[in-house]
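Worksheet: one structure, shown below.
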Amino acid sequence: MKTVRLTTAQALIRFLNQQYIHVDGHEFPFVEGVFTIFGHGNVLGIGQALEQDAGHLKIIQGKNEQGMAHAAVAFSKQRLRQKIYAVTTSVGPGSANLVTAAGTAMANNIPVLFLPADTFATRQPDPVLQQIEQEYSAAVTTNDSLKPVSRYWDRVTRPEQLMSSLIRAFEVMTDPAKAGPATICIAQDTAGEAFDFDERFFAKRVHYLDRKLPTDRELHGASELIRCSRKPIILVGGGAKYSQAGDILKRLSEKHHIPLVETQAGKSTVESSFSNNLGGIGITGTLAANKAAREADLIIGVGTRYTDFATSSKTAFNFDKARFLNINVSRLQAYKLDGFQVVADAKATLEALAPLIKDYRSDFGEEIRELKKEWLAERNRLKSIQFTRKDFVPEIKEQFSQEVLNEYADALRTELPQTTALIAINDTIASDSVVISAAGSLPGDLQRLWHTEVPNTYHLEYGYSCMGYEVSGALGIKLANRDKEVYALVGDGSFLLLHSEFLTSIQFGYKINVLLFDNSGFGCISNLQMENGSGSFYCEFRTFDNQIVNVDYAKIAEGYGAKSYRASTVEELKAALDDAKQQEVSTLIDIKVLPKTMTDGYDSWWNVGVAEISNKESIQQAFERRIQMLRRARQY
């Protein structure tokens, strides 16, 4: 056996350079690069190894551990889970900052490799700087907090442990059914310790992403369910996008008159202009999709997790007559809602089903076209809503008084509704641009109103709905699609929470565009309060003397070195967008919008924990509405 003497960290970097993935006849490196913030615990181990010989790995210096990890997650998601970045941090606070990003990756089934430093294997300097101490065990470190949010977790305290740990981690990350974050914590003294590694460990290793085929039993059962149904719908989830099943979905939908409805993760698998695409389903869905779902007697879930937003907290369907056919590479997800399970690749399954369905046609017929026409008329209305200081806007009549709306219009110096601004952006930017969002009211407006015409140009993180993902994620998307314009649509609340990698994008020349919707508050949660009987309580951004806060976000961006703009009218917004296209540096448009001018409703309901006891009649009424809706909801 030939050996090579390397430190543990040097062996790690050499191994990462030799990992390849094989997808549909194409083979390419799996690990694109490494995001890092060096500190004690990783700078003298992994840092030294990268400085000595990084191989083909690109190295990007982050500004916040959570932010750079979000960028890595977004990169992998945008590359359809076929490429990853590794993320290395220092011990203690550096690794603790990974927890939120790891949860985001875990909830969305996104592979990413986390490499947080750990305390000393020898325990000789303990407690080392930034180390926590627990009375019940000296083995506990900050990195234990990553266990619940990792698909695979390990701690390396000896150099030879690295080999089995890495092979296991890559097996998990390259399995579509288990894909998620892998965390390998390396003790900081171990990282610098040398060992005689078997040279074969560093040979080129190819991970095959073979499409799992459905069994004859699964195909027969699925085809029978479809042919026996009268009004089936196809629910397009994120798994359909990762499987690149767009073309076969359109063919089946068109031939058999089956409407398509989308989850947030599934949107842009099929373009919005496709005649049978009724748009988003559920709480943030369109009226067209939700009406079709209510009529459906068979829901064909393709790569979906059936989250509460997609199912309107299990009230979106008529459970007295509806059956479920679930196509998913994950057995866990295929069992949801007691459906018939096809545990296989989405694209391969649909292609195998096509000849078995034969000449079947649903009873939807012309109803699909009428539902879509009705929704497009509603979208056109939302496009042209205007605020006046005398008359309530219909969408906000029951939320704020006219006086409060006028106060916001004066403080923010705007009369621009959010829906009007959003559709104006959609009409102005290039159709192959990629948009990203994650939290607040924007995801609902985007799923309903945003038209996608190019596959994989809609990037919503809604598995975790993680505030702070938007700007960091835009950097990850730009790394994945360097020839496209990338737009982060973010509320002022999310921007304030985390935008560290905006500076990283400028530093390394990866242009992104931040479209910041400022309504001076946590508007989405204010809606949740008020729709359930409460007042507006600590969700608006107000000063100690009750004045509305007006932040000049454009000036913040200028300080970073970005090109910035201010917009409070459609004309100003379109002019800013046109100029931003010409820039080579990252841009930010500070868009002042009125609160309570987002979309809502459309035959959907969200189950939230309303107070059972309250001295407010409005809360008592909200609780009664919840009880009534729960009677409609499925319990399993």
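Going by the UniProt record's numbering, the final residue of the sequence shown carries number 636, and the count climbs one at a time with no gaps.
Just so it is clear, CB atoms sit at the ideal spot from N, CA and C, and this is done for glycine as well.
Small disclaimer: the values here were computed from a predicted structure and weren't measured.
Expected contact under 8 angstroms - CB spacing of residue i and residue j to nearest Å
i: THR284; j: VAL236; result: Actually they are not in contact, since the Cβ atoms of THR284 and VAL236 sit about 15 angstroms apart, beyond 8 angstroms.
i: LYS347; j: ARG217; result: LYS347 to ARG217, Cβ: 20 angstroms. No contact.
i: THR104; j: GLU501; result: In fact, because the Cβ distance is near 14 angstroms, the residues do not count as touching under 8 angstroms.
i: ASN108; j: GLY239; result: About 11 angstroms; that fails the 8 angstroms criterion.
i: GLY45; j: ALA191; result: 3 angstroms
i: THR8; j: PRO125; result: Going by Cβ atoms, the distance from THR8 to PRO125 rounds to 18 angstroms, so no, they are not a contact pair.
Reduced DSSP secondary structure (H/G/I, E/B, other) of residue i
i: GLU617; result: helix
i: LYS397; result: With a pLDDT of 46 at LYS397, under the threshold of 50, the modelled position of this residue cannot be trusted; read the value that follows with caution. Note: LYS397 maps to coil in three-state DSSP.
i: VAL608; result: coil
i: ASP118; result: strand
i: ALA438; result: coil
i: ASN97; result: coil
i: THR597; result: coil
i: ARG5; result: strand
i: ASP579; result: helix
i: HIS22; result: strand
i: GLU135; result: coil
i: HIS207; result: strand
i: ARG323; result: strand
i: ARG123; result: coil
i: LEU213; result: coil
i: ARG631; result: coil
i: THR587; result: strand
i: residue 640; result: As displayed, the chain neither begins before 1 nor continues past 636, which places residue 640 out of reach and without an answer.
i: LYS592; result: strand
i: LYS360; result: Rather than Lys, the amino acid found at residue 360 in this sequence is Tyr. If DSSP states are grouped into helix, strand and coil, TYR360 belongs with coil.
i: GLU27; result: strand
i: GLU32; result: strand
i: ILE37; result: coil
i: TYR553; result: helix
Sequence-distant residues of its chain with Cβ nearer than 7 angstroms to residue i (five each side left out)
i: ILE429; result: GLU485, TYR487, LEU577
i: TRP153; result: LEU146, LYS147, THR183
i: THR315; result: TRP605, MET629, ARG632, ALA633
i: THR452; result: LYS267, SER268, GLU271, SER272, TYR458
i: GLU617; result: none
i: SER165; result: ASP154, VAL156, ILE184
Distance CB(residue i)-CB(residue j) smaller than 8 angstroms
i: MET527; j: ASP308; result: As written in the sequence, residue 527 is Asn, which differs from the Met given in the question. Against a cut-off of 8 angstroms, the Cβ pair of ASP308 and ASN527 comes out as no contact.
i: PRO116; j: LEU98; result: yes
i: SER465; j: ALA439; result: yes
i: VAL434; j: THR420; result: no
i: PHE324; j: ASP338; result: yes
i: LEU298; j: LEU225; result: yes
i: LEU489; j: TYR510; result: no
i: ILE59; j: GLY33; result: yes
i: LEU209; j: THR174; result: yes
i: ILE425; j: PRO259; result: no
i: ILE591; j: PHE517; result: yes
i: TYR242; j: ARG81; result: yes
i: LEU382; j: THR599; result: yes
i: PRO417; j: THR141; result: no
i: GLY62; j: THR414; result: no
i: GLY180; j: MET68; result: no
i: ALA102; j: VAL31; result: no
i: SER137; j: LYS231; result: no
i: GLY282; j: SER312; result: yes
i: ILE548; j: SER586; result: no
i: ALA203; j: GLN18; result: yes
Sequence-distant residues of the same chain with beta carbon closer than 6 angstroms to residue i, five excluded per side
i: ALA557; result: SER564, LEU588
i: GLY523; result: SER441, PRO595
i: THR304; result: LEU235, GLY237, THR263
i: SER76; result: ILE84, ILE110, PRO111, VAL112
i: LYS2; result: GLU199
i: GLN10; result: ALA49
i: GLU395; result: Residue confidence for GLU395 is low, a pLDDT of 49 falling below 50, so the modelled location carries little weight and cannot support an answer.
i: GLN134; result: VAL140
8 angstroms CB neighbourhood of residue i in its chain, flanking five on each side removed
i: LEU6; result: ARG14, ALA194, PHE195, PHE197
i: VAL206; result: TYR20, ILE21, HIS22, GLU27
i: MET467; result: ALA438, ALA439, GLY440, GLY493, SER494, LEU497, LEU498
Worksheet item: What residue ranges within the region 459-546 form continuous alpha helix (DSSP H) runs of no fewer than 4 residues, ordered along the chain?
Response: Here the runs fully enclosed are 469-480, 492-497, 501-508, 523-531.
Worksheet item: Curious, which full-length alpha helix (DSSP H) runs of at least 4 residues does the region 42-91 contain?
Response: Fully enclosed alpha helix (DSSP H) runs of 4 or longer: 46-52, 65-78.
Worksheet item: Where are the beta strand (DSSP E) runs, 3 residues long or more, that stay fully inside the region 126-203, in chain order?
Response: With a minimum length of 3 residues, the unbroken runs of beta strand (DSSP E) contained wholly in the region 126-203 fall at 152-156, 181-187, 194-198.
Practice prompt. Quick one: which unbroken alpha helix (DSSP H) runs of 4-plus residues sit fully inside the UniProt domain "Thiamine pyrophosphate enzyme central" (222-353)? Chain order, please.
Written response: If you keep only unbroken alpha helix (DSSP H) runs of at least 4 residues inside the UniProt domain "Thiamine pyrophosphate enzyme central" (222-353), you get 238-242, 246-256, 287-295, 331-334.
Practice prompt. With a floor of 3 residues, list each beta strand (DSSP E) that falls wholly inside the region 365-424, ordered by position along the chain.
Written response: Fully enclosed beta strand (DSSP E) runs of 3 or longer: not present.
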